[in-house]
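Reviewing the structure listed below.
In the UniProt record's numbering, the protein residues as written are 1 to 329.
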């Protein structure tokens, strides 16, 4: 009797969840007549113009009049001071203090997981509001903080649509340091990262670092002109971080790169840094210009992270060497 009661309660919870999802408002169209050609975005120019965003009507704005312009091929780090004091609503309809939500809200706006309250975002001159969601999201490459892998083969996880050859996928695994790329044999790695190898539920048979490298592989498979890194190295060890950084610098040298940064040293070689504060753009300038301004928020963040000017110069010099090596290949 008790067992039946527990089973009925579980079934009712399932029904309640289905009813909840049935009441959710649908997203925008997957495709539209205004969808750009297959080569879009060919340049990688991103423009935010007076963007305002709230997670739901009646809630406080998490983006307030945000305007900035990212040039084709430019590398922009996105950082923010803790304690910005913006809010969001979680699935339980509770207000949650989320000090750095302004940074991640930029990505919500860019991928249209939440529609804008005002302003516009353009990529290569086209308003993304007029583009189908499948097209928009399919043309941008995201490397998230928590990479999600699903049950299936490694091939299916890397290339769900089956657009790449096995040779191309193996090359991607080599470029991301998961398979040997110097002609040597590594039976353990070759077995674990075989395209036909089984991926456990949520990638349970891979380490955190390996899952992040596989997320990077997905971005390489997409071969997009715009790459977004969302705290991609915040939870990995130093060795994996080094592999990620070298791959990012080498493989995305000509792509537009937006990086929400947890470790400031990972964006020290970037072209510019966008500092978010209280849902708005507080600072947007080169790394050294912001660092040399002792009153800047970025300088205070560097001080907290014990990142010195000499460290920045060393990282930028190392990056220059990597780019030179790419040019020689």
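Where is the CB? At the ideal position from N, CA and C, for every residue including glycine.
Have a look at residue i and residue j and give me their C-alpha separation to the nearest angstrom.
i, j, result
"residue 236", "residue 213", "10 angstroms"
"residue 138", "residue 3", "46 angstroms"
"residue 233", "residue 244", "8 angstroms"
"residue 28", "residue 155", "30 angstroms"
"residue 136", "residue 107", "13 angstroms"
"residue 103", "residue 7", "43 angstroms"
"residue 58", "residue 198", "46 angstroms"
"residue 210", "residue 177", "10 angstroms"
"residue 204", "residue 148", "10 angstroms"
"residue 144", "residue 222", "15 angstroms"
"residue 315", "residue 146", "26 angstroms"
"residue 369", "residue 251", "Because the chain spans 1 through 329 in this model, residue 369 falls outside it and cannot be assessed."
"residue 74", "residue 257", "6 angstroms"
"residue 118", "residue 186", "53 angstroms"
"residue 39", "residue 255", "14 angstroms"
"residue 150", "residue 201", "6 angstroms"
"residue 43", "residue 228", "15 angstroms"
"residue 62", "residue 162", "38 angstroms"
"residue 64", "residue 217", "34 angstroms"
"residue 303", "residue 285", "18 angstroms"
"residue 33", "residue 126", "13 angstroms"
"residue 196", "residue 30", "31 angstroms"
"residue 247", "residue 19", "45 angstroms"
"residue 206", "residue 215", "12 angstroms"
"residue 49", "residue 183", "49 angstroms"
Please return the same chain residues whose Cβ sits closer than 7 angstroms to the Cβ of residue i, not counting the five positions on each side in sequence.
i, result
"residue 319", "249 and 269"
"residue 129", "120"
"residue 13", "none"
"residue 261", "77, 78, 79 and 267"
"residue 164", "221"
"residue 109", "51, 53, 63, 116 and 121"
"residue 166", "195"
"residue 131", "32, 34, 35 and 36"
In terms of residues, what are the limits of the alpha helix (DSSP H) holding residue i?
i, result
"residue 238", "238-251"
"residue 297", "297-304"
"residue 191", "187-192"
"residue 170", "166-175"
"residue 210", "208-222"
Bridge partners of residue i, per DSSP?
i, result
"residue 47", "69 and 122"
"residue 277", "280"
"residue 52", "118"
"residue 141", "227"
"residue 285", "273"
"residue 63", "53"
"residue 157", "Answer by DSSP bridge pairing: none, since residue 157 is not bridged."
"residue 18", "Paired residues: none, contrary to the question."
"residue 198", "153"
"residue 127", "122"
If contacts are defined as beta-carbon pairs under 8 angstroms, then residue i and residue j qualify, I think. What distance do you get, rounded to the angstrom?
i, j, result
"residue 123", "residue 41", "5 angstroms"
"residue 51", "residue 272", "Contact doesn't hold; Cβ gap of about 18 angstroms is too wide."
"residue 230", "residue 142", "7 angstroms"
"residue 69", "residue 47", "5 angstroms"
"residue 253", "residue 170", "With 8 angstroms as the limit, residue 253 and residue 170 do not qualify as a contact, their Cβ atoms being about 22 angstroms apart."
"residue 317", "residue 264", "Their Cβ separation, rounded to whole angstroms, is 17 angstroms, which puts residue 317 and residue 264 out of contact at 8 angstroms."
Among residues of its own chain, excluding the 5 on either side of residue i, which ones have a beta-carbon nearer than 6 angstroms to its beta-carbon?
i, result
"residue 394", "The structure shown has nothing for residue 394, since the chain only spans 1 to 329."
"residue 193", "173, 178 and 179"
"residue 325", "none"
Identify the continuous beta strand (DSSP E) that holds residue i and give its terminal residues.
i, result
"residue 80", "75-80"
"residue 35", "Counting along the chain, residue 35 falls outside any beta strand (DSSP E), and DSSP gives it neither H nor E."
"residue 230", "226-230"
"residue 353", "With the chain covering only 1 through 329, there is no way to say anything about residue 353."
Below 8 angstroms CB to CB, which residues in the same chain sit around residue i once its five sequence neighbours on both sides are set aside?
i, result
"residue 174", "180 and 181"
"residue 168", "221"
"residue 266", "77, 233, 241, 245 and 259"
"residue 288", "309 and 312"
"residue 281", "66, 67, 68, 274 and 275"
"residue 321", "none"
For chain C, check one thing: does any of its Cβ atoms lie closer than 7 angstroms to the Cβ of residue i?
i, result
"residue 304", "In summary, chain C is missing from the structure at hand, where a single protein chain is found."
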